[in-house]
Amino acid sequence: MDIKAVSRTLLIVIIAIIVIIAGVAAFFLSQQPQQITATVNLEIKAPTGKTSGDSAELELYSDSVNKTFKVGDVIKIVLTNNFNFPLGEHAFRLTLGGKEIATIRAPSNGKGEVIVKLDTSGQVLATCLTFCGAWHTEIGKMVNVVIFNVA
0 MDIKAVSRTL LIVIIAIIVI IAGVAAFFLS QQPQQITATV NLEIKAPTGK TSGDSAELEL
60 YSDSVNKTFK VGDVIKIVLT NNFNFPLGEH AFRLTLGGKE IATIRAPSNG KGEVIVKLDT
120 SGQVLATCLT FCGAWHTEIG KMVNVVIFNV A
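Using numbering that gives the first Met the number 0, read the sequence shown as starting at 0 and increasing by one per residue.
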């Protein structure tokens, strides 16, 4: 038995095992949630106070409408739905640079959240996906609502 050949083979096997373990570890580490840069709070409000019926006027508000985040930031977006009308759930499509980046939903009197990585510059806009009364198609209220900017 050639000791050098066995030693060389054993060394190659050990190196191969280390490379495989490192690859598996790198894969699982890449699956970990990314560091969240900021939280953006969205809220459905009724500026006129009318919160029920077919003609209710609901608007989507963002606490970060005048803020600018950086490309590469990871943002947690939280939607608060304080209403039961006319459908329980409210849902919004979020777009950045004309491309959909997420959909966020919140049940009646509940919250929904989504985490997005900002991969391009532009404005993040929200458009209501659930018919919600008279202002459902109003630009800047429930359609193409500016949530925040990305530079």
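We put the beta carbon where it would ideally sit given N, CA and C, even for glycine. As the structure is a computational prediction, the values presented were derived from the model and not from experiment.
Rounded distance between the beta-carbons of residue j and residue i, thought under 8 Å
{"i": "residue 87", "j": "residue 119", "result": "With a Cβ gap of about 33 Å, residue 87 and residue 119 do not count as contacting."}
{"i": "residue 151", "j": "residue 115", "result": "The structure shown does not extend to residue 151, since the chain is modelled only from 0 through 150, so no value can be given for it."}
{"i": "residue 117", "j": "residue 91", "result": "The pair is not a contact, with the Cβ atoms about 17 Å apart (cut-off 8 Å)."}
Residue i versus residue j: straight-line alpha-carbon distance, rounded
{"i": "residue 13", "j": "residue 28", "result": "22 Å"}
{"i": "residue 131", "j": "residue 93", "result": "17 Å"}
{"i": "residue 104", "j": "residue 144", "result": "16 Å"}
{"i": "residue 152", "j": "residue 11", "result": "There is simply no residue 152 to check, as the chain begins at 0 and stops at 150 in what is shown."}
{"i": "residue 26", "j": "residue 19", "result": "11 Å"}
{"i": "residue 122", "j": "residue 72", "result": "14 Å"}
{"i": "residue 24", "j": "residue 17", "result": "10 Å"}
{"i": "residue 110", "j": "residue 80", "result": "6 Å"}
{"i": "residue 125", "j": "residue 43", "result": "12 Å"}
{"i": "residue 65", "j": "residue 21", "result": "43 Å"}
{"i": "residue 135", "j": "residue 69", "result": "30 Å"}
{"i": "residue 61", "j": "residue 15", "result": "52 Å"}
{"i": "residue 33", "j": "residue 5", "result": "44 Å"}
{"i": "residue 36", "j": "residue 67", "result": "12 Å"}
{"i": "residue 112", "j": "residue 102", "result": "9 Å"}
{"i": "residue 46", "j": "residue 82", "result": "13 Å"}
{"i": "residue 140", "j": "residue 98", "result": "20 Å"}
{"i": "residue 146", "j": "residue 63", "result": "6 Å"}
Start-to-end residues for the beta strand (DSSP E) that takes in residue i
{"i": "residue 113", "result": "109-116"}
{"i": "residue 128", "result": "Here residue 128 belongs to no beta strand (DSSP E), and DSSP marks it neither H nor E."}
{"i": "residue 91", "result": "89-95"}
{"i": "residue 99", "result": "98-105"}
{"i": "residue 148", "result": "144-149"}
Residue from the options whose Cα sits closest to the Cα of residue i
{"i": "residue 40", "options": "24, 72, 100 and 59", "result": "59"}
{"i": "residue 137", "options": "22, 57, 117 and 5", "result": "57"}
{"i": "residue 89", "options": "98, 75 and 108", "result": "108"}
N- and C-terminal bounds of the alpha helix (DSSP H) containing residue i
{"i": "residue 27", "result": "2-29"}
Residues that DSSP places opposite residue i in a beta bridge
{"i": "residue 65", "result": "In the DSSP output, where bridge partners are listed per residue, residue 65 has none listed."}
{"i": "residue 78", "result": "41 and 111"}
{"i": "residue 138", "result": "142"}
{"i": "residue 122", "result": "148"}
{"i": "residue 58", "result": "44"}
Any non-hydrogen atom of the ligand FAD within 7 Å of residue i CB
{"i": "residue 95", "result": "Absent from the structure shown: the ligand FAD. Ligands present: none."}
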